[in-house]
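So the structure is just underneath, and the comments pick up after that.
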């Protein structure tokens, strides 16, 4: 029986509660619940039980709809058809902010800095108080004003004699006589040259004029009396005139032939600098973007990893791939022959050469031409096809050499605040940028200008660090972030805006977080609640449940078996509840530890991994067992597995994957692996028509079955008539989508049920064809679990659908569009499709790599997932999993733990071995949480 507080929903006060009565969205069964305001509430339950339907499709959808109602009638004419959630009523709703898992940013100019608005503040800060330093002398570049010159002159001792001069700019088309004549017409009477003052009229009377190279116009001369105010005004006028006539330069002669040059141009050491402005630091503006990479940070250039693929070889053994052929080896001979003259070690492996020696190989010297010259030579020969082919073989995306990947014009890095340029800051991890702003040392003027900016930047950086993202740089591309990282950036941005009285709805914010980081995240969500917001989190993580003020459990099962309110109360009450969540939390049910760890003999070994923050690691991945790679967020797990192991294994099997990260070599028994499968959380299809039933290839058999029905044969229908992808049987109004897209000018597009087929996707004569009294549309609306019972007499169809049920997806509908599946669901659909292939005995020796498969899974579903993974291993396959979930870590045969921290403080191998051995080590974050479970 459900454990629900005894309250009358109709009599509750909407000022204290958000009241939902009779919610029937998706699989919700007339659900009524009251959520106390300004509390931290966790909604939990099996995957597919209706948690998201309650939080996002009911609460958030109604919050958004009510916002639209508040707009003007003009704006509403575009939005008027927003469907109201199927619910009796919702009272007491606050403005709703949903922070979801989706990485919605496709733009490859958006970075962590721009999406959190930190970069906007940085641009302002550097434009307002940045000082430009000359790269030649390292001195501050300043332009002098009239006031600066006047101040200098009136600081000289009393009765000092002063001359204010402007250099005479001689024009090529005019003679000196002509220039002097013009000066006379302008009202000037004297010039200064060779240390002597001349009257212009006297010079013009001379037949032959001979003056030194530098000639000055004498603007004014005076004896300085500091108390003379009128003199100050006169000198200021003269200085202004000198700047004008001298094209920005003014010379002051004083004392015993002493001289001081002033310039109102922004220049030094012969370089004219740009004055800092906001656009000067914007890589999205042609004025501020790096000219070489156009503000993208990378260019198509020569990829050093392709040129020197095996870093463990020596130059003599052929480390340089393009110089291995007979023809091109003539570039290598001079180096081998003359290396001894400049002490170059041709018999030392490339990865053991010093940085200077590696650079020499690229730059060359007087004895040999380096790799840069070699590629220049190829470039000049591109009219010959063989050289074009050769060049393309070594090309790849490389960091822009001009801007170091910061995307800004080079001279933007000359502007500094407290000794750091904006380029330095965006390339540093947030953990290092934050102390810079906390300890920034500004003078009084700078503080008055920039105090507010510094506070905003420091606040936002500290929120990013608090949500566990301190290892990211501000320059990191938004579209390379995982779903969890993207969600936590949105969360940090929300914290930065400090709204109150709102309703924040989060979708599993703990995804991608080590349990250690989850503790920090709970603190962040708490602070959001304490400033006066209601925080509602859809979550399966035990620590998050413990921290909640209220727990709501939806169930009892998934899909059609779910949608009921099973429990509402505190964590202490939850442990006693008779629900799946209650049983797992109390220990009555558990994800059991395997009785025996699988033994292994052979392994793949990666030697010298150095990509991103990895510190020259050598790691073994055993074959035929389940290996779990763990570590805090940003410790280097994804880099090791996704950037090194996966592409390196792909290339062995002839698949050209993306560039492999830096490592020395692959050794061990990698030859035993026949194929590599990477099961990530990317959508299973780009099209809204792609769905689980087509992905696992079950729909072909279903269409054939319907085409074999007597009425279908009588009407001449082929299997293609039951396809919603091609013309024939589908509804042509919505083209088989079941819904029509209404394009909005300034808001997200809205999808409405098709008026012609009422969401059934097919024409009426196709819907007339029934099997067991159900049309093809009815079948697509069935859940996987229901359809297995429905097709029990069709073994071919059941064989394809059963793996979807086995991985815990029995609750999703056969025809559910793939773009409505979460990342975790998409990943499990892929796993199911591999299970249909991998279940065959001949499908063995495959390396399966999973990226956080526990995403979105309840404890009960993790049990199902582990059963499926065990089935893969028993067929002779190898499984490698990147994971933070302790229930999965404790079931591993082999653990690789990286750390100790994220970013630059990570990338070290802390442990490799069995879970039992891991619990014996002290001071390790993963071991601390693992001990509790074992």
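Numbering (UniProt numbering), first residue to last: 1 to 934.
Yeah, the Cβ is synthetic: ideal placement off N, Cα and C, and Gly gets one too.
Member of 372, 30 and 843 whose CA lies at the smallest distance from the CA of residue 89 | As a first step, residue 89 is located in the chain shown; it is residue number 89 there, counting from the start. Among 372, 30 and 843, the Cα nearest to that of residue 89 is on 30.
Give every residue of the same chain whose Cβ lies closer than 6 angstroms to the Cβ of residue 617, excluding the five residues on either side of it in the sequence, and list them in chain order.
-> Start at 1 with the first residue of the chain shown, and residue 617 comes out as number 617. Excluding positions up to five away in sequence, the list reads 609 and 909.
Ignore the nearest five residues each way along the sequence and tell me which others in residue 310's own chain have a CB closer than 7 angstroms to its CB.
-> Start at 1 with the first residue of the chain shown, and residue 310 comes out as number 310. So the qualifying residues of the chain are 319 and 665.
Measure the Cβ-Cβ separation of residue 492 and residue 467 and say whether it is below 8 angstroms.
-> Position 492 of the chain shown, counted from the start, is the residue given in the question as residue 492. Position 467 of the chain shown, counted from the start, is the residue given in the question as residue 467. Going by C-beta atoms, residue 492 is nearer than 8 angstroms to residue 467.
Buried or exposed for residue 476, please, with buried defined as at least 16 other CB atoms from any protein chain shown within 10 angstroms of its CB.
-> As a working mapping, residue 476 is identified with position 476 in the chain shown. Buried, by the Cβ-count rule.
Alpha carbon to alpha carbon, how far is residue 415 from residue 565?
-> Residue numbering aside, residue 415 sits at position 415 when the chain shown is read from its first letter. Residue numbering aside, residue 565 sits at position 565 when the chain shown is read from its first letter. Cα to Cα, the separation comes out at about 60 angstroms.
Beta-bridge partners of residue 813, as assigned by DSSP | As a working mapping, residue 813 is identified with position 813 in the chain shown. Bridge partners of residue 813: 783.
Per DSSP, residue 894 forms a beta bridge with which residues?
-> Looking up residue 894 in the chain shown gives position 894. Under the DSSP definition of a beta bridge, residue 894 partners with 627.
C-beta atoms of residue 936 and residue 165 nearer than 8 angstroms | Nothing can be reported for residue 936: it is not among the residues displayed for the chain, which extend from 1 to 934.
Whole-Å CB distance - residue 515 paired with residue 884, under 8 angstroms assumed = Position 515 of the chain shown, counted from the first residue, corresponds to residue 515. Position 884 of the chain shown, counted from the first residue, corresponds to residue 884. Yes, residue 515 and residue 884 are in contact; Cβ-Cβ is about 7 angstroms, under 8 angstroms.
Per-residue burial, residue 936 [other beta carbons within 10 Å of its own, 16 or more giving buried] | The first residue shown for the chain is 1 and the last is 934, placing residue 936 beyond what the model contains.
Run the CB neighbour count on residue 409, radius 10 Å, all protein chains shown included, and call it buried at 16 or more, exposed below.
-> Here the question's residue 409 lines up with position 409 in the chain shown. In this structure residue 409 is buried. Its beta-carbon is surrounded by 16 or more other beta-carbon atoms within 10 angstroms.
Do residue 269 and residue 149 have their CB atoms nearer than 8 angstroms?
-> On the chain shown, position 269 is the one that residue 269 refers to. On the chain shown, position 149 is the one that residue 149 refers to. Taking 8 angstroms as the Cβ cut-off, residue 269 and residue 149 do not qualify as a contacting pair.
Assigned exposure category for residue 490 - 16 Cβ within 10 Å defines buried | Position 490 of the chain shown, counted from the first residue, corresponds to residue 490. Residue 490 is buried by the Cβ-count criterion.
Check residue 1 in the structure and name its three-state DSSP category.
-> Here residue 1 refers to the residue found at position 1 of the chain shown. Interpretation of residue 1 is limited by its pLDDT of 47, a score under 50 that renders its predicted location unreliable; the figure taken from the coordinates is listed afterwards. Here residue 1 sits in coil by DSSP.
If you draw a straight line from the C-alpha of residue 387 to the C-alpha of residue 129, how long is it?
-> The residue given as residue 387 occupies position 387 in the chain shown. The residue given as residue 129 occupies position 129 in the chain shown. Their backbone Cα atoms lie some 51 angstroms apart in a straight line.
Nearest to residue 368 by CA position, among 339, 437 and 593, is which residue?
-> Position 368 of the chain shown, counting from 1, holds the residue named residue 368. Taking only the C-alpha atoms, the option nearest residue 368 is 339.
Does the distance from the CB of residue 893 to the CB of residue 627 come in under 8 angstroms?
-> As a first step, residue 893 must be located in the chain shown, where it is residue number 893. As a first step, residue 627 must be located in the chain shown, where it is residue number 627. Result yes, Cβ atoms of residue 893 and residue 627 sit closer than 8 angstroms.
Which partner residues of residue 703 appear in the DSSP bridge assignment?
-> Taking the first residue of the chain shown as position 1, residue 703 is located at position 703. Paired residue(s): none; residue 703 is not in a bridge.
Rounded distance between the beta-carbons of residue 510 and residue 541, thought under 8 angstroms | If you number the chain shown from 1, residue 541 lands on position 541. If you number the chain shown from 1, residue 510 lands on position 510. Contact flag correct, Cβ pair sits at about 4 angstroms.
Where does the unbroken beta strand (DSSP E) through residue 239 begin, and where does it stop?
-> By 1-based counting over the chain shown, the position of residue 239 is 239. Premise fails: residue 239 lies in the alpha helix (DSSP H), 229-245, not in any beta strand (DSSP E).
Secondary structure of residue 711, DSSP reduced to three states | As a position in the chain shown, residue 711 is number 711, starting the count at 1. Helix.
Is it buried or exposed for residue 603, if we count other Cβ within 10 angstroms and need 16 for buried?
-> Locating residue 603 in the chain shown gives position 603, where the first residue counts as 1. Counting Cβ neighbours within 10 Å, residue 603 comes out buried, since at least 16 surround it.
Mind pulling the beta strand (DSSP E) runs of 3 or more residues that sit fully within the region 330-415?
-> 395-399
Residue interval of the beta strand (DSSP E) (run including residue 260) = Working through the chain shown from its first residue, we reach residue 260 at position 260. Run containing residue 260: 258-263, per the beta strand (DSSP E) assignment.
In three-state terms, what does DSSP make of residue 1020?
-> Residue 1020 lies beyond the residue range present for the chain, which begins at 1 and ends at 934; the question has no answer from this structure.
Residues that residue 884 bridges to, as DSSP identifies them = For the purposes of this step, residue 884 is taken as the residue at position 884 of the chain shown. For residue 884, which the question treats as bridged, DSSP gives no partner whatsoever.
Rounded to whole angstroms, what's the CA-CA distance from residue 498 to residue 445? Just pull it up for me.
-> Reading the chain shown from its first residue, position 498 is the one you call residue 498. Reading the chain shown from its first residue, position 445 is the one you call residue 445. Cα to Cα, residue 498 sits roughly 28 angstroms from residue 445.
Assess, as a yes-or-no matter, whether the region 665-675 is touched by the region 628-637 under the definition of 3 or more beta carbon pairs within less than 8 angstroms.
-> Too few Cβ pairs lie closer than 8 angstroms, so no.
Would residue 506 pass as a contact of residue 457 if the rule is Cβ separation under 8 angstroms?
-> As a position in the chain shown, residue 506 is number 506, starting the count at 1. As a position in the chain shown, residue 457 is number 457, starting the count at 1. Cβ distance not < 8 angstroms, so residue 506 and residue 457 don't count as in contact.
Beta-bridge partners of residue 198, as assigned by DSSP | Position 198 of the chain shown, counting from 1, holds the residue named residue 198. 191.
Between which two residues does the alpha helix (DSSP H) carrying residue 282 extend?
-> Translated into positions along the chain shown, residue 282 becomes position 282. It is not in any alpha helix (DSSP H) - residue 282 carries neither H nor E in the DSSP assignment.
Can you tell me the Cα-Cα spacing of residue 754 and residue 732, whole angstroms?
-> Here residue 754 is taken as the residue at index 754 of the chain shown, counted from 1. Here residue 732 is taken as the residue at index 732 of the chain shown, counted from 1. Distance between the alpha carbons of residue 754 and residue 732 is about 10 angstroms.
With DSSP collapsed to three states, give me the class of residue 474.
-> The count along the chain shown starts at 1 and reaches residue 474 at position 474. The answer is coil: DSSP assigns residue 474 none of H, G, I, E or B.
For the alpha helix (DSSP H) containing residue 438, list its first residue and its last residue.
-> Residue mapping note: residue 438 aligns to position 438 of the chain shown, counting from 1. 430-438 is the extent of the alpha helix (DSSP H) around residue 438.
Return the CA-CA distance between residue 279 and residue 293, expressed in angstroms with no decimal places.
-> By one-based count along the chain shown, residue 279 stands at place 279. By one-based count along the chain shown, residue 293 stands at place 293. Taking the straight line from one Cα to the other gives about 17 angstroms.
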